[in-house]
Structure formats: C-alpha cells, structure tokens
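With positions in the sequence shown counted from 1, the corresponding number in the working numbering is that position plus 1241.
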Amino acid sequence: MRIDAITLFPEWLLEIERYGVVGRGLREGRLSLAAWNPRDYTTHPTRRVDDRPYGGGPGMVMQSAPLVATLDAVAHRRGDARPVPVLLMSPQGERFDQRWAEHLAEGSGFVLLCGRYEGIDQRFIDRYVDAEISAGDVVLSGGELPAMMIIDAVARLVDGVLGDARSAAQDSFADTILDHPHYTRPPGDAGDSVPDVLLSGDHAKIARWREKQALGRTWLRRPDLLDGIELDPRQQTLLAEFIGEYAERTPRS
Ligand code: SAH
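As structure tokens, then:
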C-alpha cells in the first residue's frame, strides 16, 4: 500500500510517521507514505501556487498548473500499472466512514489532495479528481487533518499493521454496529466496580455480554445503524434483553 499526499504542509502531514500504529506500519514497510509540496512544482519565481478568484470576492484559490505538475510527478514515481484514485479533501465531499476506509484498504494505494484557502480551481477538480471526501459537516482551514484521518483509518486495516488483527474486527462499525464498553484494572475504581461477568473467566458468557452491550449501545446511540442490517434471532434476543434491562434501570419520567 502506497499513499501519496499533496499538501502545502508536508512536514506537518508526515508527523504521522512518528506515532503509534501508523508509525510502526511505515517503519515495518507494510505501507509507505510520501508528501508532495506543489510549491516545488511551480514555475513562479516566488513559488506561488494561488491567485485571486475570478469574479472577485475574498480569499485565494489554488491554481491548477502546480497541482497538475505535482500529480505528474506522483504518477511518475508510483509507476502504477493502473492509475490509483485521486481523492480531494473537501467539506462538499462524501462523508468519510469505515466503509470508505475498508474500500481504500483493499487497493494498492491512493493520492490525497489537501486544499487550502478557498479551495482549488474547479477545472482541476473536474479533470483529475476521482472523488471528494469530507471529514464531516465542518469547515477546516486545510485538508491535512482529514488526510491524516484517512491515512490512520486505512493504515490500521492493512495486514499486519495492528498488532492483533482481532482488534480491528471488533471495533465499532466493523460489523456495522458499535463496539462494546471496555474495562481494565483495578477492579474497584473510585467505588465503581467492573461488571461481574468480565471477572468470571467464563469466555462464552463474556462474549455474550459483550455482544449484548454492543447491540444495546448501537440501539441507544446510533439506531440508524440498526436500520441498515438484519439481526439474526440470537441478536434479536440479546437486544430485547438489553432493552428490558435498560427500561428497568431507567426511571420513567
Ligand atoms: N470554500 C470551501 C472551503 C475551503 S476550506 C467551501 O466552503 O467548500 C480549505 C480546504 O480545507 C478545502 O479545500 C479542503 O481541502 C479542506 N477542508 C475543509 N473542511 C474540510 C472537511 N470538512 N473535510 C475535508 N476537507 C476539508
């Protein structure tokens, strides 16, 4: 898996190489990452890559030519037999989610394009961008954080990057539902105790409890996720149990 990012702040983006599971995955060569600065590919004497918007108004717009030249350099270096997707970070794009991460993790890599200022000349987008991806309904000052989010989410799905592949399989959204709650030592922390079942050593019971909590949390916090799936009879029983226990715990107003 090779990921290329086009950004005016390559040093910042490459900080991701120094930390956690992404850092380890890169050091172990399970994935590779390169950052490209369009300022290195402009012919402008002061390395300018933006200009005022046609039609007037505030802000600056990233020009097409330096981005085309950068993309050419990326394609040349990658030397892919088939071109990989070019993804523009954009608040107007499709919302990034675990399904996107899984889809990207299946391929041989991709190119992330980080906008700045008011954004990028539309003609570049029309010609070179395969998809626009959003980090959420919020406007950031640049695409670097969304790009780092994507790199992180995809990297942990690449074989061997996570120490224990089971962690990814158990995470929220892996099964389209949320993760169960987690507890660790000490057993009695500030008066709050750990659910007995987790200390029982009975693995079948623990698995059942976790699945019930995962279903219940999803029902409480993200019922929309349950609309998209069909629960099997066992899961339906677990969720019904959770709902019954929840109703008992929660006083009616
Ligand atoms: N004028 C643009 C916003 C530009 S923000 C608009 O209203 O749509 C500058 C850059 O930050 C964008 O080009 C994009 O690359 C990045 N960006 C900002 N918010 C983002 C978000 N929610 N998701 C992904 N990228 C974002």
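Idealized CB from N, CA, C, for every residue including glycine.
Buried or exposed for residue 1260, going by 16 or more other Cβ atoms inside 10 Å?
Taking the first residue of the sequence shown as 1, we reach residue 1260 at position 19. By the 10 Å Cβ count, residue 1260 comes out exposed.
Could you give the first and the last residue of the continuous beta strand (DSSP E) run that contains residue 1335?
In the sequence shown, residue 1335 corresponds to position 94, counting from 1. Run containing residue 1335: 1327-1336, per the beta strand (DSSP E) assignment.
Helix, strand or coil for residue 1482? Go by DSSP, reduced to three states.
As a first step, residue 1482 must be located in the sequence shown, where it is residue number 241. Helix.
So, at 6 Å on beta carbons, what are the nonlocal neighbours of residue 1308 in its own chain, with the 5 sequence-adjacent residues on each side left out?
As a first step, residue 1308 is located in the sequence shown; it is residue number 67 there, counting from the start. Correct list, in chain order: 1279 and 1365.
When you compare only the Cα positions, how much space is there between residue 1466 and residue 1420?
Sequence index remark: in the sequence shown, residue 1466 carries index 225 (1-based). Sequence index remark: in the sequence shown, residue 1420 carries index 179 (1-based). If you take the alpha carbons of residue 1466 and residue 1420, they lie about 12 Å apart.
Please report how far the alpha carbon of residue 1324 lies from the alpha carbon of residue 1244, in whole angstroms.
To locate residue 1324, count along the sequence shown from 1; it is residue 83. To locate residue 1244, count along the sequence shown from 1; it is residue 3. Distance between the alpha carbons of residue 1324 and residue 1244 is about 13 Å.
Which same chain residues end up closer than 8 Å to residue 1389 when comparing Cβ atoms and leaving out the 5 residues on each side of it in sequence?
Along the sequence shown, read from residue 1 onward, the residue named residue 1389 stands at position 148. Result list for residue 1389: 1254 and 1257, in chain order.
May I ask you to verify whether the region 1325-1338 touches the region 1271-1285, counting CB pairs closer than 8 Å and requiring at least 3?
no
Taking DSSP as the reference, what is the three-state secondary structure of residue 1301?
Within the sequence shown, the letter at position 60 stands for residue 1301. Three-state result, residue 1301: coil.
Can you tell me whether residue 1488 is helix, strand or coil according to DSSP?
In the sequence shown, the residue the question calls residue 1488 occupies position 247. In this structure, residue 1488 counts as helix in the three-state DSSP scheme.
Between the alpha carbons of residue 1367 and residue 1373, how many angstroms are there, rounded?
Position 126 of the sequence shown, counted from the start, is the residue given in the question as residue 1367. Position 132 of the sequence shown, counted from the start, is the residue given in the question as residue 1373. Rounded to the nearest whole angstrom, the CA to CA distance from residue 1367 to residue 1373 is 11 Å.
Taking C-alpha atoms, which residue in 1471, 1462 and 1470 lies nearest to residue 1484?
Counted from its first residue, the sequence shown places residue 1484 at position 243. The closest CA to that of residue 1484, considering only 1471, 1462 and 1470, is found on 1462.
In the structure shown, what three-state DSSP assignment does residue 1408 receive?
As a working note, residue 1408 is residue 167 in the sequence shown. If DSSP states are grouped into helix, strand and coil, residue 1408 belongs with the helices.
Would you kindly check if the distance between the Cβ of residue 1346 and the Cβ of residue 1399 is under 8 Å?
Taking the first residue of the sequence shown as position 1, residue 1399 is located at position 158. Taking the first residue of the sequence shown as position 1, residue 1346 is located at position 105. In this structure, residue 1346 lies closer than 8 Å to residue 1399 by Cβ.
So residue 1396 and residue 1266 are in contact, right, with Cβ under 8 Å, and what is the actual spacing, rounded?
Here residue 1396 is taken as the residue at index 155 of the sequence shown, counted from 1. Here residue 1266 is taken as the residue at index 25 of the sequence shown, counted from 1. That belief holds up - the Cβ atoms of residue 1396 and residue 1266 are roughly 5 Å apart, short of 8 Å.
Nearest to residue 1377 by alpha carbon, out of 1332, 1357, 1360 and 1401?
As a working note, residue 1377 is residue 136 in the sequence shown. Of 1332, 1357, 1360 and 1401, the residue nearest in Cα terms is 1332.
Examine ligand 1 and report whether any of its heavy atoms sits within less than 7 Å of the Cβ of residue 1382.
As a first step, residue 1382 is located in the sequence shown; it is residue number 141 there, counting from the start. Distances from the CB of residue 1382 to the heavy atoms of ligand 1 include at least one below 7 Å.
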